[in-house]
Amino acid sequence: MNSGIGSVLIALAIWALVFLVFRVIVLWYWKVNQVVALLKSIDEKLGRMLPREHQVDDIRLGDIDSLAISRE
């Protein structure tokens, strides 16, 4: 009985290792880490550029029309 459990655990460990290796390859191929870093950089720069009253967190539904009108 123990040999059956041991072989299942070994198989699970191998599958986990294969999954992690392929995950790293896929992330490298699609350059996901670079995209995340670039998006964080853009977010920080936009946060410094926008005044506090125009940030998305502060906009309420009624304010969207007034922002569109004020930009025209």
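Heads up: the sequence shown runs through residues -3 to 68, numbered per our numbering.
Built from N, CA and C at the ideal position, the CB exists for glycine as well.
From a predicted model like this one, the values you see are computed outputs, not experimental measurements.
Would the beta-carbon of N29 fall within 8 angstroms of that of L35? Within the sequence shown, the letter at position 33 stands for residue 29. Within the sequence shown, the letter at position 39 stands for residue 35. No, these two residues do not count as a Cβ contact at 8 angstroms.
Distance, A12 Cα to A33 Cα: Position 37 of the sequence shown holds residue 33. Position 16 of the sequence shown holds residue 12. Computed Cα separation, rounded: 27 angstroms.
Taking the alpha helix (DSSP H) that L46 falls in, what are its first and last residues? Locating residue 46 in the sequence shown gives position 50, counting from the first residue. From DSSP, L46 is part of no alpha helix (DSSP H); its letter is neither H nor E.
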